[in-house]
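I have placed the structure first, in the form of structure tokens, so that the comments after it can refer back to it.
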Amino acid sequence: MYAYEANQDLLKEKVILITGAGDGIGKTLALSYAKHGATVILTGRTVAKLERVYDEIEQKGFPQPAIIPLNLEGASETDYLKISEVIENEFGQLDGLVLNAAILGSLTSVEQYEAEVWQQVMQVNVNSSFLLTKALLPTLQKAKHASVIFTTSSVGRKGRAFWGAYAVSKFACEGMAQVLAHELEEKDHTGIRVNTINPGATRTNMRANAYPAENPMSHPAPGDIMPLYLYLMGNDSIGTTGQSLDAQG
Ligand code: NDP
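All residue numbers for the sequence shown refer to our numbering, where the first residue is 48 and numbers rise by one.
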């Protein structure tokens with residue numbers, strides 16, 4: 048596991064948006080960031096799940112979160128601009144963005160891959176990250192030390208048979224992060240760092256769908272992989288940008 052011990056107040060006074068915050072790694076991330084003092088903006092497509100995360104954060108006495116329903120498959124550029132406007136109006140700041148939501152699509156050969164599913168995976172896993180990041184950059188640029196985290200995968204660093212659009216989408220996210228990190232580094236007054244995290248095999252619905260026959264308990268729970276997510280979001284990682292890192296070390 049990535050070794051990092053986060054200070055309790057690491058994310059105090061930071062406002063952080065997480066996509067896919069209703070389940071799996073995104074849910075744990077929301078709770079963990081809130082526990083370390085952040086105001087988290089929960090986005091996702093299933094509002095009931097976001098509400099449960101919201102309630103848990105409130106019950107624990109962490110900073111009051113916010114919910115912005117967002118289906119990454121259908122959202123248009125205008126919808127993303129509206130989100131940026133809401134964040135400007137409600138919070139006046141954004142210090143962090145975690146592009147976490149993704150779908151698996153089909154696990155099949157390129158030859159057999161349905162074009163419609165391919166497009167859907169690219170829309171949710173790649174195009175939405177471009178549109179959301181683009182819309183939020185002006186607000187992120189106003190923060191002193193903003194951090195953007197893309198979530199990738201081992202199959203987005205080395206291709207593997209039958210992982211189709213999912214693998215290709217994760218390569219694209221690695222590429223987008225590098226392009227963005229380079230652009231923002233050149234204008235280093237912006238102070239936005241951009242990195243990718245490969246969570247590694249983690250006990251979530253997505254993992255269970257990809258490997259239905261395996262014992263879920265053989266992998267770490269989302270809570271176990273938080274140290275790298277905390278490190279990259281907090282100010283201890285200032286100066287770290289353009290890196291592809293592994294949450295499980
Ligand atoms: P889950 O499937 O458990 O959670 C994914 C989240 O994304 C859910 O909250 C889901 O919402 C949301 N989501 C899916 N589609 C959309 C959409 N169209 N609009 C908005 N939100 C959407 O996945 P994990 O937690 O396992 O994965 C999190 C990230 O980690 C992903 O990027 C994944 O690729 C990556 N990853 C995971 C690994 C693992 O072993 N778990 C390994 C390597 C990478 P809803 O709950 O409503 O469906």
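Even for Gly, the Cβ is constructed at its ideal location relative to N, Cα and C.
- Remark: the C-beta of residue 213 is in contact range of the ligand NDP, defined as less than 8 Å to any heavy atom.
- Residue 223 and residue 208 have their C-alpha atoms some 23 Å from each other.
- DSSP, reduced to helix, strand and coil, places residue 93 outside both helices and strands of the structure shown, so it counts as coil.
- Here the distance from the Cβ of residue 229 to the nearest heavy atom of the ligand NDP is not below 8 Å.
- The region 287-295 makes contact with the region 242-254: 3 or more CB pairs, one atom from each, lie closer than 8 Å.
- In the DSSP assignment, the residues bridged to residue 113 are 88.
- Taking residue 210 as reference, the option from 251, 165, 76, 183 with the minimal CA-CA separation is 165.
- At least one heavy atom of the ligand NDP is found less than 8 Å from the C-beta of residue 120.
- Residue 90 is not a Cβ neighbour of residue 110, given a cutoff of 9 Å.
- A contact between stretches requires three or more CB pairs, one per stretch, nearer than 8 Å, and the region 96-106 fails this requirement with the region 134-145.
- When the alpha-carbon of residue 201 is set against those of 255, 59, 221, 68, the nearest one is in 221.
- Taking the Cβ of residue 175 as the reference point, at least one heavy atom of the ligand NDP falls within a distance shorter than 8 Å.
- The beta carbon of residue 246 sits closer than 8 Å to at least one heavy atom of the ligand NDP.
- Assignment of beta-bridge partners to residue 245 by DSSP yields 293.
- Contact between residue 172 and residue 216 is confirmed by a C-beta separation of about 4 Å, below the 8 Å threshold.
- CA-to-CA, the gap between residue 277 and residue 53 works out to about 7 Å.
- Distance from the CA of residue 265 to the CA of residue 249, rounded to the nearest whole angstrom, comes to 9 Å.
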